[in-house]
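Notes to accompany the following structure.
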Amino acid sequence: MNTVLQTKGLCKTYIVNKRQNNVLKNIDLTICEGEMVAIMGPSGSGKSTLLYCVSGMDRATAGEVVFNGRQTAKLSDKALSQLRLDEMGFIFQQMYMMKNLSVLDNIILPAVKSKKNRESRKQIEERGRQLCRKLGIEDVGSNDINEVSGGQLQRACICRSLINSPKMIFADEPTGALNRASSDEVMNELLSLNRDGTTILCVTHDPKVAAKCSRVLYLVDGGIVGEKNMGHFAGGDKALRDRERELNGWLMEQGW
Amino acid sequence: MFWRILKKDLRRKKTMNVILLLFAILCSMLAAASLNNIVAVTGGIEHFMTISQVPDVKISMPTDQTLDETLRKLDSVRELRTEEQFYMTPDHFKLKGEKMKNLINGTSFSSDREFGIKYFDSDDAEITAVPKGSFYCTKSFLQGISCEKGDILDVRFGDESFSFRFAGVYKTAAHDTNYASSPNIMLNSADWDEMNGAMDDAAFMKEKTLYVKTDDMDSVLSMAGDTEGISVSTRDTMKGYFLYDMLTAYILLAVCVLLVIAAFVTLRFAIGFTISEEFREIGVMKAVGIQNRGIRSLYITKYSAIALVGAVIGYAGSLPLSNYLLESISRNIVFTGSNTMIGLVGSVAVVALILLFSYGCTKGIKKMSPIDAVRNGQTGERFGKKGVMRLGRSRLPATGFMALNDVLRAPKQFTIITVVFTLCVLMMTIMSNMACTLSSDKPISLFAIPVKTDASILEFGEIAGSGINEAMQEAMTDNDGWKALVEQGEIMLAENGMPGKCTVTMGDIYTTVHNDKSAGISYLVTRNAPAEEFVYDQGSAPMKQDEVALTAMALEELAAGIGDRITVNLGGTEKEFIITGTFSTFLNNGMAARLCENAELNLAKVHTFMGLQIEFDGDLNQEEIEENIRKLKEVTGCDKIYTNAKMVETFTEMSGTLNLIKKMMMLMTVIVTSLIVILMERSFISKEKSEIALMKAVGVRNSAIIGQHTLRFAFVAVIASIIASGAVLPISKLLLTFIFSMIGSVASTGIAFHAFEIFAVCPAILIRVAVIGTFLTALYTKTIRASDTASIE
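Sequences listed follow chains A and B, in order. Mapping of the first sequence onto our numbering: residues 1 to 256, in sequence order. Mapping of the second sequence onto our numbering: residues 1001 to 1793, in sequence order.
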């Protein structure tokens, strides 16, 4: 399988009150096409920082990040923006959206900004509608963002992350702000996308979410201390329960 | 804890607080300076008259009249002082070896033997004597020529020649010192006697001026009215000499009021905005049990501190600004200094208003539950209107769409910015219109000159074949006397290939009675031009000998209306007139009347004489009129031939000052707009931080975000410019009419404008400042990182 994302000796350091705080320490990581990887770890272990550094939302202090064959450290801000726009998708814990745009407009905004597909506005809008239909939110497309539920809004965020057909989706606790039912719906959508070939890197606290991923990385104090290959989840409640049990056992070993 | 929160707030929101402070300073400075200015000017004129010991009545009369002796016998006359003068035309003078080409009127020479009032030098020191061989003069004598102490004035008549050294300009409260008036030279009494003795009494007009302090003004006026060949001014009419100084002060006040309104609207917006940003913190405070009063006092204390510091600094800044604003008028009158207490009242009012604003803005805190506050003021109920624009259907580029959509989705905020920007453009354009109007022919009818006039000749010597005063006298000796002047004028025009019609406007003040009310009203007659050629606000023109049109002010004073009959004492003869209409004028402070073309006047004591007006035959354009005036100057050898616009400019002397103020206002607008833009944009950035971070996270470039923010203000600036362009003419007309009505009786006035300046230059200044200011402020969005998306609350 092709490598989509690779890091070598990735470090991130913050200076707080003249004191050096090493958030990420020499992280080596490889993610291949079609994988769905979960990053877990206690609070403050550097999960989100790792996600932001590998996705080009933040710059690493040292080390290398290679995304789709390109070293992100060598890219200008402009080129990094372009990379995020065309080849990456983002889902956050909070359903951040532009409050002045409707749900559909929020979804298609990256496509309008991108020059990747050279489509007309009409074509972009049609694609946005198709995505909405696929994720079951076609009825709320013209609504304002304060007129839809949290689950619908998170699915809209997923639509937005997919609108430019990215190579990889980065999700920072995508179900963290949702109830169980909504959380399951969102995870099922992500699984479905993964099955269709989209690579996903996801930060989560929830073993139920991580159990659906093909690989789990465990981070403590800025370093990867454990890694578990789970294999692709084919579906089914029993299989999921078995995966959860297996994962929980492993997590206990890691000090969860 | 309370102070710790406050201290942290002041430090954390440094930029916003600094801008709020700047606005408080600006408001305080403008409020204090403009209040100070208006009080200083209106009160200053009264003060100047008091310290100058201006009498109740000033009477000018030929030296052979004996009214002074009669008046001295009156018990009611407390004091009577006399000054003697002789007059000379400007062709007798050479200042610094040069002929004084721009001097319009005959110049009177007085001595320091007895002063009718107190006179002051340019340093405000009282003049008690004039050194021998020296002279002081009124500002009007120099006609703008720069003159140093010690410069020589040569006076030559017949074989006699005198030289005097310039000692300085003197300030007088009892003489008109505008450029259009007769200048005065003050000499040492020995020099004056020597000159007076050397001149032929018949060749030069000699007169004396009586300064009368009396307890019974009516009997003095009545006695003066019965005497031939005199002119009378009361203390009130003498205040009219400072008409245009007051006009400048009122215009400045009007513009300052606009500026203060703009600054206050911005302050109100900024305070509301900053408090709404802090809802979450307010919610937390409420949740932990801090009482509403405590939370409100936290914010009120903060804004009080900002307002207080701003008011103190602003007040300190208002002192030099006041002095600058009063600089032009202090050239004419003696100030005791500006009234600092009034300025202080302005600054205190600013503090009170800011406190009121912050009190009003914090009102919402009381109504909100802690959880509402934590939810940024949202109660959970959402009834917001849907946006009208759709990105998928719009043809606009994404950045343009986002900007326009933002403006339409936050109408309240952007309407406030639009209002402020509109006021900013209006400040510049209104000032431009005022400066333009006061150097245009639009207000010419307010000076009692026919609107059809193409040129006015203010010196008649060459036309009537005699000196200026002789020509005037000839034109005013009897009711048909003006005909010779008009006839000769028209012959001269025809002979020189520029045929036209000449008119003459003159007037005098007569006591007028209606029922039990009486007033001194200036009666104006324009010869050789039908009275209906003038503009009337109500009713119709006087067409018959016994008809009259009055100003609204005169009607009010007499408690009369159109159709009423008034009785006028025309130099001893009583005559009845019927009122046919009302008109507007500056003359005699608005206490004026217009008679029909061939009305009879008591011509012995003409008070107003506006020169000879020319209306060239045919429909000449401006260039042709200018060419004719150039020819006329060659033919007559005199420089005092003006177009209507030049006449207004010369009479008001305000165009220069107003242009200066206009430039100052443009600079002020640039500063105010920049501050507004920085304040608003910083507010928007801090409110939209999460959205900016999100946009960056999904790959939107910095340049697009900066472009979106800049475009929002550009849209608003363009809308404001369009609104201001539509409103500028009616508002200018309204404001100018109001200001003019302060100094005369004016119901309406025409306004002039430079279309390019008010519809292109001024809006362009605002749009440019808004765009540059927003762009530079929006560069701050670069510091927001995509990864901030998750860390933003």
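Note that CB positions come from ideal geometry on N, CA and C, so glycine has one too.
Alpha helix (DSSP H) containing Lys1366/B: first to last residue? 1363-1367
Counting pairs of beta carbons, one from the region 1576-1584 of chain B and one from the region 1531-1544 of chain B, are three or more of them closer than 8 Å? yes
So Asp77/A contacts chain B; which residues on that side make the cut at Cβ distance below 7 Å? Asn1702
Which partner residues does Pro1062/B have in the DSSP bridge list? Glu1207/B
Less than 8 Å separating the beta-carbons of Ser161/A and Gly89/A? yes
Check whether the Cβ of Ile15/A lies closer than 8 Å to any Cβ atom in chain B. no
Rounded to a whole number of angstroms, what is the C-alpha to C-alpha distance between Ala1316/B and Val1350/B? 14 Å
Pick from Pro1443/B, Leu1632/B, Ala1031/B, Ala1778/B that is closest to Met1341/B, judged by C-alpha positions: Ala1031/B
C-beta neighbour in chain B for Asp139/A, strict 8 Å: no
Span of the beta strand (DSSP E) around Ile200/A: 199-203
Decide if Val1716/B is buried, meaning its Cβ has at least 16 other Cβ atoms within 10 Å, or exposed. buried
Can you list the alpha helix (DSSP H) stretches of 4 or more residues lying completely in the region 1010-1050 of chain B, in chain order? none
Establish whether the CB of Ser1787/B and some CB of chain A are separated by less than 8 Å. yes
Please list, in chain order, the chain A residues whose beta carbon lies closer than 9 Å to that of Ser1690/B. Gln94, Tyr96
Can you tell me whether Met1186/B is helix, strand or coil according to DSSP? strand
Can you pull the chain A neighbours of Asp1009/B, defined as C-beta to C-beta under 9 Å? Those within 9 Å of Asp1009/B in chain A number zero; the least Cβ separation is about 21 Å.
Just the chain B side, please: which residues come within less than 8 Å of Leu85/A by C-beta, in chain order? Val1698, Gly1699, Val1700
Are the region 80-87 of chain A and the region 95-103 of chain A touching, with three or more C-beta to C-beta distances below 8 Å? no
Cα separation between Asn1589/B and Ser1134/B? 36 Å
Assuming Met1389/B contacts Asn1405/B under a Cβ cut-off of 8 Å, what Cβ separation, rounded to an integer in Å, is found between them? 5 Å
What residue range is occupied by the uninterrupted alpha helix (DSSP H) comprising Ile107/A? 103-113
Near-chain A residues of the region 1757-1788 of chain B (beta-carbon distance less than 8 Å), N- to C-terminal order: Arg1785, Ala1786, Ser1787
Residues of its chain near Cys1147/B, where Cβ-Cβ distance is below 6 Å and the 5 sequence neighbours each way are ignored: Phe1166
Using a beta-carbon distance below 8 Å, is Asp237/A in contact with chain B? no
Run through DSSP, which three-state label would Asn1644/B get? helix
For Lys1094/B, collect the residues of the same chain with a Cβ closer than 7 Å to its Cβ; drop the 5 residues on either side in sequence, then sort them by chain order. Asp1154
Does any C-beta atom of chain A lie closer than 8 Å to the C-beta of Gly1283/B? no
Does any residue of chain A bring its CB to less than 8 Å from the CB of Arg1331/B? no
Please classify Pro1131/B as buried or exposed, where buried requires at least 16 neighbouring CB atoms within 10 angstroms. exposed
Between which two residues does the beta strand (DSSP E) holding Tyr1136/B run? 1134-1137
For a contact meaning CB atoms closer than 9 Å, what does Ala1398/B contact in chain A? Leu109, Val112, Lys113
Is Arg70/A close to chain B? Criterion is C-beta to C-beta, closer than 8 Å. no
How about Ile124/A: is its C-beta nearer than 8 Å to some C-beta of chain B? yes
What does a CB cutoff of less than 8 Å around Ser1518/B pick up in its chain, not counting 5 residues either side in sequence? Thr1511, Thr1512, Leu1558
Reducing DSSP to helix, strand and coil, say where His1092/B ends up. helix
Per-residue DSSP class, three states only, for Ala1560/B: coil
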